[in-house]
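These notes concern the structure reproduced below.
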Amino acid sequence: MKDFKFNIDYVREQFPCLCKTVNGNAAAFLDGPGGTQVPVRVVNKINDYLYYRNANAHGAYKTSQESDKIYWEAREVFADFLNCSPEEVVFGENTSTNNFKLALGLVRTMKAGDEVLVTDLDHEGNRSPWRTLQDFGIVVKSAKVHPETCTLDFEDFKSKLSNKTKVVAVNWASNACGTITDVKKCIDEAHKYGALTVVDAVHYAPHKWIDVKEINTDFLLCSAYKFFGPHIGILYVKKEIGEKVKSIRVMANDNTDMPFKFETGTPAMELAAGAAEAVEFIADIGRKHEEFFTEGLRGLSGRRRYIVAGMMAIDAYEEPMAKRLRTELSKIEGLKIYGPPEGHPRTSTVSFTLDGVNANEIAKFLGEKGIFVWDGDFYAIEIVNNVLKLEEQGGLLRIGLAPYNTEEEITRTIEAVKDFCKIQEKLSLATN
Numbered sequence: 001m002k003d004f005k006f007n008i009d010y011v012r013e014q015f016p017c018l019c020k021t022v023n024g025n026a027a028a029f030l031d032g033p034g035g036t037q038v039p040v041r042v043v044n045k046i047n048d049y050l051y052y053r054n055a056n057a058h059g060a061y062k063t064s065q066e067s068d069k070i071y072w073e074a075r076e077v078f079a080d081f082l083n084c085s086p087e088e089v090v091f092g093e094n095t096s097t098n099n100f101k102l103a104l105g106l107v108r109t110m111k112a113g114d115e116v117l118v119t120d121l122d123h124e125g126n127r128s129p130w131r132t133l134q135d136f137g138i139v140v141k142s143a144k145v146h147p148e149t150c151t152l153d154f155e156d157f158k159s160k161l162s163n164k165t166k167v168v169a170v171n172w173a174s175n176a177c178g179t180i181t182d183v184k185k186c187i188d189e190a191h192k193y194g195a196l197t198v199v200d201a202v203h204y205a206p207h208k209w210i211d212v213k214e215i216n217t218d219f220l221l222c223s224a225y226k227f228f229g230p231h232i233g234i235l236y237v238k239k240e241i242g243e244k245v246k247s248i249r250v251m252a253n254d255n256t257d258m259p260f261k262f263e264t265g266t267p268a269m270e271l272a273a274g275a276a277e278a279v280e281f282i283a284d285i286g287r288k289h290e291e292f293f294t295e296g297l298r299g300l301s302g303r304r305r306y307i308v309a310g311m312m313a314i315d316a317y318e319e320p321m322a323k324r325l326r327t328e329l330s331k332i333e334g335l336k337i338y339g340p341p342e343g344h345p346r347t348s349t350v351s352f353t354l355d356g357v358n359a360n361e362i363a364k365f366l367g368e369k370g371i372f373v374w375d376g377d378f379y380a381i382e383i384v385n386n387v388l389k390l391e392e393q394g395g396l397l398r399i400g401l402a403p404y405n406t407e408e409e410i411t412r413t414i415e416a417v418k419d420f421c422k423i424q425e426k427l428s429l430a431t432n
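Just so it is clear: in the sequence shown, position 350 is 350 by our numbering, and no numbers are missing.
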């Protein structure tokens with residue numbers, strides 16, 4: 001790869017929110033894992049639909065036909081995003097709802113005593129839907145995590161697979177600590193037992209490119225609001241698997257064709273249009289940086305090529321900043337960074353605790369300085385509260401990078417955390 005230079009000016013000019021100030025400080029949106037900011041073009045796309053093309057589907061008149069076309073074109077965009085066919089792209093309210101619907105559909109292919117395997121790394125959006133199947137007599141098991149590295153215990157994972165395992169649901173990347181799991185390895189093991197596989201890619205999708213064919217999963221979920229889009233969930237369903245699942249629709253519209261059988265009620269076509277435009281934004285980032293990644297793009301063409309190039313550029317830009325953040329913060333006495341060791345695959349999400357301090361105190365301090373971060377368990381309850389046992393100190397402080405963040409914002413954040421620690425030290429001395 002030739003010397004990489006990211007066009008940060010192009011990216012930042014897409015986001016009006018970046019001009020926001022707090023107490024005289026420019027806002028630094030380091031809250032990406034909770035949802036990114038949205039570029040103007042995405043909002044314009046949604047507005048255009050609602051202003052000029054708003055109609056229900058499958059009508060005999062112009063705006064309805066335009067709606068059908070826009071909705072299908074959104075599937076085509078996400079087919080390029082995921083490397084699948086448009087018939088395998090399902091839209092829904094959000095990932096949690098999509099997962100509940102998927103669980104409801106698959107349980108009808110199972111019997112009491114059958115098993116589902118999840119992991120302790122998972123967000124509740126990938127645990128709760130499957131645990132509800134216990135009401136149907138399904139046994140739900142959870143693979144353990146190495147607490148010292150926040151990585152999946154693969155030996156424990158393998159030990160919990162059997163001929164009774166019908167579904168294996170794993171997350172590709174932890175939204176709590178950024179760990180990336182080798183889901184291809186998990187999928188291959190699950191398929192040895194004939195189990196269906198579900199990949200939660202919600203935290204992975206904003207940082208890395210996705211190829212559902214390469215990992216050979218049966219289902220995959222992600223959410224557009226994590227990568228510059230509106231609040232809509234995307235579910236990939238492998239066609240030959242989806243065709244065997246019973247339709248989950250109202251009786252008056254029991255369409256058994258893919259992908260419609262997985263979509264209930266009137267779709268949010270304006271949100272699908274906006275989500276597709278978010279992917280087009282990623283593709284445009286790719287067009288501006290394609291020259292740096294020609295080797296990795298070999299064999300790719302069209303929009304898919306530019307999407308992958310865009311994600312490669314985002315990854316190449318974010319990771320050095322995240323590494324700098326981890327390196328500098330780890331020098332602070334009493335501060336512990338959670339996640340895998342350097343060299344292990346991870347996203348640009350940095351989570352930590354500070355001895356004797358509730359995470360929310362740090363978040364509020366940074367917020368007053370215009371640095372927006374998250375604190376808590378982030379609905380990754382099992383890993384944060386039960387494995388790491390951080391509930392009493394307010395969970396983790398989480399800093400998450402997006403491609404509109406800057407080196408200057410990273411510097412500000414490091415210095416602000418140091419300032420907070422100095423204040424805490426003075427308070428401690430004053431009370432002793």
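Heads up, the beta-carbon is just placed ideally off N, CA and C, and yes, glycines get one too.
- Distance check between K20 and each of E407, Q424, K369, T181 places K369 closest, using alpha-carbon atoms only.
- Looking from the CA of W130, the closest CA among N175, D156, F352, S96 belongs to S96.
- For the pair of segments examined, the segment 232-239 was found to touch the segment 70-85: the number of CB pairs separated by less than 8 Å reaches three.
- Counted as a single uninterrupted DSSP element, the beta strand (DSSP E) harbouring C222 occupies residues 219-223.
- Distance between A276 and R326, taken at the CA atoms: about 33 Å.
- Taking A309 as the centre and dropping the five residues before and after it, the same chain places the C-beta of G286, H289, E290, F293, L297 closer than 7 Å to its C-beta, in chain order.
- Distance from the Cα of K111 is smallest, within the candidate group Q134, N126, F100, K101, for Q134.
- Residue range 349-354 is occupied by the beta strand (DSSP E) that includes L354.
- Short of 6 Å from the beta carbon of V77, and not among the five residues preceding or following it, lie these beta carbons of its own chain, in chain order: A276, V279.
- Cβ-Cβ separation between N163 and Y193: approximately 6 Å, consistent with a contact (criterion under 8 Å).
- Within its own chain, the residues whose Cβ lies closer than 6 Å to the Cβ of L354, once the five positions on either side in sequence are excluded, are G334, L335, listed in chain order.
- In this structure, the alpha-carbon of L390 lies about 33 Å from that of D114.
- Taking the Cβ atoms as the reference, N175 lies roughly 26 Å from P16, outside the contact range of under 8 Å.
- Residue pairing by DSSP places R398 opposite S351, W374 in a beta bridge.
- Put simply, the backbone Cα of T132 is about 18 Å away from that of A143.
- Burial of D122 is indicated by the presence of at least 16 other C-beta atoms within 10 angstroms of its C-beta.
- For the 8 Å CB-CB criterion, R346 and I180 form a contact.
- As computed with DSSP, T179 is found in a beta bridge with R346.
- Taking all protein chains in view, the Cβ of T197 is crowded by 16 or more other Cβ atoms within 10 Å, so the residue is classified as buried.
- Here the C-alpha atom of T256 lies approximately 43 Å from the C-alpha atom of L30.
- Following the DSSP letters along the chain, one finds F91 inside the beta strand (DSSP E) bounded by residues 89-92.
- The three-state secondary structure of V417, taken from DSSP, is helix.
- The continuous stretches of alpha helix (DSSP H) do not include S330, and DSSP gives it neither H nor E.
- Taking C-beta atoms under 8 Å as the contact rule, L396 and S351 qualify, at a distance of about 4 Å.
- Per DSSP, the beta bridge partners of V118 are S142.
- In its chain, beyond the 5 residues on either side, A27, A28, F29, L30, D31 have a beta carbon closer than 7 Å to the beta carbon of F372.
- For N171, the secondary structure class from DSSP, reduced to helix, strand or coil, is strand.
- Comparing alpha-carbon positions, the option among G367, L221, N56 lying closest to G24 turns out to be G367.
- Looking from the CA of V145, the closest CA among F281, D153, L106 belongs to D153.
- In the DSSP annotation of this structure, T264 is not part of any beta strand (DSSP E), being labelled neither H nor E.
- Here T411 is not near I399, since their CB atoms are 8 Å or more apart.
- Contact between V183 and V170 holds: their C-beta atoms lie close to 6 Å from each other, under 8 Å.
- T165 and V118 have their C-alpha atoms roughly 11 Å apart.
- According to the DSSP assignment, L235 belongs to the beta strand (DSSP E) that extends over 233-237.
- For G274, the CB contacts under 7 Å within the same chain, skipping 5 residues up- and downstream, are V42, K45, I46, G229, P230 in chain order.
- A residue is called buried when at least 16 other Cβ atoms come within 10 angstroms of its Cβ; W374 meets this threshold and is buried.
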